[in-house]
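S.K.: Please find one structure pasted underneath; my questions will follow.
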Amino acid sequence: MNPTSEVVHAANALTSWIRGVSTETEELSRNVASLLERNLVGKSRVDKAALLGLDEVSREFLAKNTFAVGAGTFFAAESVEEGARVLEWWSRKESGVIGRLDFDLTPGSNRYYDYEKLPFFSTAASTGEKSVWGPYVDFLGFEEYILTFAAPVYVHGNFAGVAACDIRIKDLEPLIMPTLRAIPGDAALVNASNRVVLGNSGMYLVGERIKSGSPNQHRMALDVPHLGLSLIYST
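Numbering (our numbering), first residue to last: 80 to 314.
Structure below.
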């Protein structure tokens with residue numbers, strides 16, 4: 080069965096918007112890499128001096144991209160002096176003020192944030208490609224459903240970490256829900272794990288895993304490389 084014009088239009092609109100976010104995330108990665116390469120002259124590993132200016136890179140990203148609630152850089156342990164974990168992250172508060180968000184990076188602590196094991200980091204590290212993770216409940220940050228877009232950072236050709244941005248699902252809703260609601264019937268944006276990112280009805284709840292096999296359920300893959308996002312819809 081061929082998709083209706085409404086479905087095709089929605090898929091194209093979602094693809095365009097997600098490509099835009101992906102492009103902005105890749106630009107964030109390039110800006111981080113450029114800054115680090117300037118700061119690391121004569122040095123092979125990231126130290127405190129190499130981080131100077133990263134706050135402005137993230138602040139500028141958040142000022143430009145109001146859809147994002149957080150942005151920053153996660154460093155690979157092998158790229159940092161003494162193998163320490165370094166996370167430079169800034170978030171937008173409800174007031175609109177942008178401030179640094181600190182995480183517990185002490186192994187063994189109750190709220191240890193072992194980011195190198197999380198999919199958005201490990202995928203970018205292993206594939207060298209951009210990735211998206213979520214929706215997931217970000218208990219260590221905003222404690223609500225989040226979607227994370229990430230892109231690897233390479234410094235002088237070596238993997239140094241991941242640049243990323245967070246989008247709250249509640250902020251994503253007004254941006255793409257009108258597109259989903261233009262589709263007659265139930266429809267949803269789903270991730271590569273078959274979980275709902277956002278749906279246009281109670282049929283598809285955020286975070287729910289979709290069961291395949293229904294003869295009335297159809298899928299269109301969105302043309303955004305490496306992210307694995309799809310539009311599903313019912314007839």
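Glycine is no exception: its CB is placed at the ideal position from the N, C-alpha and C atoms.
1) Can we say the stretch 202–218 touches the stretch 162–182, given the rule of at least three CB pairs closer than 8 Å?
2) What is the residue span of the alpha helix (DSSP H) that residue 108 lies within?
3) How would you call residue 278, buried or exposed, if buried means at least 16 neighbouring beta carbons within 10 angstroms?
4) My output table needs one value for residue 256: the three-state DSSP class, helix, strand or coil.
5) Quick one: residues in its chain with C-beta nearer than 7 Å to the C-beta of residue 98, no 5 flanking neighbours on either side, listed in chain order?
6) To which residues does DSSP link residue 191 through a beta bridge?
7) Using the beta-carbon count (16 or more within 10 Å), is residue 103 buried or exposed?
8) Determine which residues share a DSSP beta bridge with residue 299 and list them.
9) Compute the Euclidean distance between the alpha carbons of residue 288 and residue 214, then round it to the nearest angstrom.
10) Is the separation between the beta-carbon of residue 100 and that of residue 199 shorter than 8 Å?
11) Tell me whether residue 193 is buried or exposed, calling it buried when 16 or more other Cβ atoms sit within 10 Å of its Cβ.
12) Compute the distance between the beta-carbons of residue 95 and residue 124, then report whether it is under 8 Å.
13) Which residue's Cα is closest to the Cα of residue 132: 197, 149, 111?
M.R.: Result, derived from the coordinates:
1) Result no; under three Cβ-Cβ pairs closer than 8 Å.
2) Start and end: 84–118.
3) Taking all protein chains shown into account, residue 278 has 16 or more neighbouring C-beta atoms within 10 Å of its C-beta and is therefore buried.
4) In the three-state DSSP reduction, residue 256 falls in the helix class (H, G or I).
5) A distance below 7 Å between beta-carbons, with the five flanking residues on each side excluded, links residue 98 to the following residues of its chain, in chain order: 303.
6) The secondary-structure analysis by DSSP pairs residue 191 across a beta bridge with 183.
7) Residue 103 is buried by the Cβ-count criterion.
8) In the DSSP output, where bridge partners are listed per residue, residue 299 has 310.
9) Taking the straight line from one Cα to the other gives about 11 Å.
10) Using a Cβ distance threshold of 8 Å, residue 100 and residue 199 do not count as a contacting pair.
11) Exposed: under 16 other Cβ atoms inside 10 Å.
12) Residue 95 is not a Cβ neighbour of residue 124, given a cutoff of 8 Å.
13) The shortest Cα separation from residue 132 among 197, 149, 111 belongs to 111.
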